[in-house]
Every structure is written in structure tokens, then in C-alpha cells.
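Here the structure is laid out as C-alpha cells; the discussion comes afterwards.
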Amino acid sequence: MVVNFLIVGTQKGGTTALAHFLSEHPDICFAPSKEVHFFDYDRHYSLGIDYYHSFFPNYTNQTAVGEATPIYMYLPHVPERIYCYNPHMKLIVLLRNPIDRAYSQYQMELKRGWETLPFSLAIALEPLRLLFSSSVENERSARRVHSYCDRGNYVKQLKLLDRYFPKEQVLILLQQDLEQNHQQTLERVYNFLGVSVPVNFPACQKVLAGEYQPLPPEIKLSLIKRFTPEILHLQQLIDRDLHSWLQL
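According to this note's numbering, the stretch in the sequence shown is residues 762 to 1009, in order.
This is the structure:
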């Protein structure tokens, strides 16, 4: 058995929903544990391939074998490890408006008690927190928990993936693709993975959707200004119209 596809990100970008949809396909063996975290933690990676493969107990010679760990695209040491395991790995990337993504992550950390600061202060202190972050081996390191805006710097993450994997092995989607063009997007994913397109598609539904107060307009405006160069660069890189991400 060889794992031949990964959903590598982004966190809070629709990866749980996509993983749920793919797990229902008979030609896809999907790890029951959605986030395996094999390639990002040294303590897991050092246990070797047999340990990794133990996360796929339902494997019965399916065409596609995969898992979803959305921090894979963010941590710079991960792509090389993935390449060393399988240079032919197919990668699926889901991107979300980085402002909405940052606020969604903040709400998640707030809910589980790993954040106590107001959002405005949390993003203001983020560079300092990341500078003095403990090792990413610590599940509560700032790099993992408080990287609200930094995770939205997609260009550098995609360029690192491009260093190891040719474009035909990387499928880049937007979260809104899954919501607004559900069937067509799943069809693209099925074709990318080389599995049959089912007659009946999984129903479009929000999985683990969070509910919280909207982002205050003044904070959103400051983040739009902050992310405008990144979004315009990303727009050129992936050849998608992202101007809706710049609207208040």
C-alpha cells in the first residue's frame, strides 16, 4: 500500500467537508482519523512507514488512498518529507479568504481555551508570538495555534509545494468552489484522483461549521489592506479572480 493523495490545507478552508465527501467514495480509502499528522511531527515521522500505514485499516486495494492534515502545507519542513515518502503524491489544496480564515481559526482557539486575547490584540502580537514560538513538536506552540494571519500567506506555501511537486500533481481549489459549485468541484477532484465519478454525489452540507459574531468592519478593513498585495499575487499565481476577498 502507498498513500497517493493528501489534502494538505488550508486549515479552516473546507478540508473537513472535502474529507467527508471523499470518504464516502468506494474507490477511495480515507484514513478514519481525519488529521493523521504523520509528516509534521518528528515523533510520528520517526516511527516510520508501517506506523503511517496503520492509519488505513480499511485499505482493500482501493485506487486512491489518502488523508487530510491541513497543517502540511503551512510547515516548511513537510513538503520534502512527503516527497521522500512518495514523489508521485497528489496534493489537494483548498484556499479560503485569508481574513475569514484567520478569524475562524481565532474562534476555534478561543473555544478550546488556547486563546484568551481579543482578536485585534492577537493579530497585533502574532509576529512576536511566532518569533518566540516553541518547537512545532509542541501542539500548543504559537506556530500551530496563533498563526492566524501567517497561515494566510498562501503564495510562499504554494511555491514551496511547487519546488517538490509538478503542477499536474497539485489541485488548487477555493472553499467557495465546494459551496457554490459542489458537484462540478467534486467531479474535478474525482478525475484528479483517477476514480470513477458517481451517479449520486454526496449532498452539499457544512461540516463542523462554526457560529460566532461577525468580524468588526474596522478590523476587517485593516486586514484587507494588509492582505491586498498577497491576494493580488495569489490571483496571478493560480489564475483565479479573487477580488471578492478584498470587499468589506
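Ideal Cβ positions, reconstructed from N, Cα and C, are used throughout, including at glycine.
It should be emphasised that the depicted structure is a prediction, and the values quoted were computed from it without experimental measurement.
CB-CB length for residue i against residue j, believed under 8 Å
i, j, result
"residue 806", "residue 842", "6 Å"
"residue 875", "residue 901", "6 Å"
"residue 891", "residue 911", "6 Å"
Residue i versus the options, residue with shortest Cα-Cα distance
i, options, result
"residue 765", "820, 816 and 851", "851"
"residue 790", "810, 846, 975 and 828", "828"
"residue 839", "960, 926 and 778", "926"
"residue 983", "786, 1007, 815 and 889", "1007"
"residue 846", "794, 887, 919 and 799", "799"
"residue 942", "962, 874 and 786", "962"
"residue 887", "862, 906, 1000 and 830", "906"
"residue 802", "830, 786, 781 and 794", "830"
"residue 980", "863, 902, 918 and 945", "863"
"residue 937", "960, 849, 928 and 1001", "1001"
"residue 804", "898, 890, 914 and 778", "898"
"residue 930", "992, 912, 946 and 954", "954"
"residue 991", "952, 794 and 858", "858"
Sub-8 Å separation of residue i and residue j beta-carbons
i, j, result
"residue 836", "residue 771", "no"
"residue 854", "residue 834", "yes"
"residue 958", "residue 932", "no"
"residue 885", "residue 909", "no"
"residue 956", "residue 780", "no"
"residue 985", "residue 860", "yes"
"residue 998", "residue 934", "no"
"residue 797", "residue 782", "no"
"residue 916", "residue 995", "yes"
"residue 939", "residue 792", "no"
Buried or exposed by the 16-neighbour rule on C-beta atoms within 10 Å, applied to residue i
i, result
"residue 972", "exposed"
"residue 893", "exposed"
"residue 773", "buried"
"residue 896", "exposed"
"residue 1004", "exposed"
"residue 989", "exposed"
"residue 865", "buried"
"residue 809", "exposed"
"residue 1009", "exposed"
"residue 867", "buried"
"residue 763", "exposed"
"residue 820", "exposed"
For residue i, the first and last residue of its enclosing beta strand (DSSP E)
i, result
"residue 791", "789-791"
"residue 767", "766-770"
"residue 906", "Note, residue 906: premise wrong, no beta strand (DSSP E); alpha helix (DSSP H) at 903-906."
"residue 950", "Looking at the DSSP string, residue 950 is not in any beta strand (DSSP E); the run it does join, the alpha helix (DSSP H), is 943-954."
"residue 891", "Taken as a continuous stretch (DSSP letters only), residue 891 belongs to no beta strand (DSSP E), being part of the alpha helix (DSSP H) at 880-892."
Range covered by the alpha helix (DSSP H) that runs through residue i
i, result
"residue 825", "That residue, residue 825, is in no alpha helix (DSSP H); its beta strand (DSSP E) goes 825-829."
"residue 832", "Careful: residue 832 lies outside any alpha helix (DSSP H) and carries neither H nor E."
"residue 986", "978-999"
"residue 921", "915-925"
"residue 779", "776-784"
beta-carbon residue i near the ligand FAD non-hydrogen atom, thresh 7 Å
i, result
"residue 841", "The ligand FAD is absent from the structure shown, which contains no ligands of any kind."
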